[in-house]
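When we follow my numbering, the leftmost residue of the sequence shown carries the number 1080, and every step to the right adds one.
Just so you know, even glycine gets a beta-carbon here, dropped at the ideal spot from N, CA and C.
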Amino acid sequence: MSVKNPDREALAHGRITNETIRPKPGIPSWALKLTMAITGLFFALFVVGHMAGNLKLYLPAHDGQEALDAYGAFLRSMGEPLIPSGHLLWIIRIVLLACVIAHIYGAFALTARSKASRGKFKRTNLMGGMDSFATKTMLVTGVVLLLFIVFHILDLTMGVQPIAPEAFAHGEVKANMIATFSRWPVTIIYIVAMLCLFLHLTHGIRLAASDLGITGAKWREVFVILAYVVPAVVCLANIVMPLSVALGWVS
């Protein structure tokens, strides 16, 4: 093999050149992976808490106020009187938005670096089954979930027409949920999004364990169990709620 302008110093050590394959990135890949792991676990905790709060849909009214409406009022009044009403909720939203931006940037940056490193050689010999499918569709399910988050905010948080139902009223959480899930197309959108969430969370939690340096056999077993149990519980609950309304079981 002939090499143009060979690096004699490199050849002396068994290499063709001492030049790096690609420029050193501004943000190291390990930092991006760590950021994605931390923000991903933060999202997992958030969806668990969000699901638990929404399950108040099935609780009876107390003192003339629906349990779900009381939960919504609590979220808006968190931190009072130390923090003005609604401010803590907005702080949480801003933190979530920052995590979303960091997570998305990390995902696309790492994907681009991976493709650049492999060049024309595609990844092969992946294990079959759901794990392989979740791995291959990680970016796709992430994009679907991002679009769903935007839809969900416009629907049940901001009440933007025509995405939200015409009967939307700020503060009437239960009534808004019933109004929106009474529309079958919206219910189907939520179900599809929850299936994507299951795939994304399952693979994401397992990846987070590796990226956080959790290599002990027992701890890895714990994370494998959590990677299936937590997403399954969250997604099942979040599918049952819109179906309950769409089928007329909750009104």
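Non-local C-beta neighbours of residue 1259 in its own chain, meaning closer than 7 Å and more than five positions away in sequence, comprise 1234, 1235, 1243, 1244 and 1265, ordered along the chain. Taking 8 Å as the cut-off, the beta carbon of residue 1221 is found no closer than this to the beta carbon of residue 1177. From the listed residues 1170, 1257 and 1299, the smallest Cα separation to residue 1136 is found for 1257.
The beta-carbon separation of residue 1140 and residue 1131, rounded to 19 Å, does not stay under the 8 Å limit for a contact. Judged by their CB atoms, residue 1151 and residue 1252 are nearer to each other than the 8 Å cut-off. Cβ-Cβ distances below 7 Å link residue 1239 to 1233 in the same chain, with the five nearest sequence neighbours on each side left out; the list follows chain order.
Residue 1182 sits in a helix when the DSSP states are folded into three classes. With respect to the C-alpha of residue 1273, the residue from 1188, 1111 and 1320 having the closest C-alpha is 1320. The Cβ neighbour count for residue 1324, taken over all protein chains shown within 10 Å, is at least 16; the residue is labelled buried. Per DSSP, residue 1107 lies in no alpha helix (DSSP H) segment and is marked neither H nor E. Nearest neighbour of residue 1184 by Cα position, chosen from 1119, 1278, 1165 and 1230, turns out to be 1119. Between residue 1284 and residue 1305, the C-beta gap is smaller than 8 Å, which places the two residues in contact. Apart from the 5 residues on each side of it in sequence, residue 1279 sits with its Cβ closer than 7 Å to the Cβ of 1217, 1220, 1221 and 1224 in its chain, given in chain order. Counting along the chain, residue 1262 sits inside no alpha helix (DSSP H), nor does DSSP assign it H or E at all. For residue 1298, the uninterrupted alpha helix (DSSP H) run begins and ends at 1296 to 1325, by DSSP.
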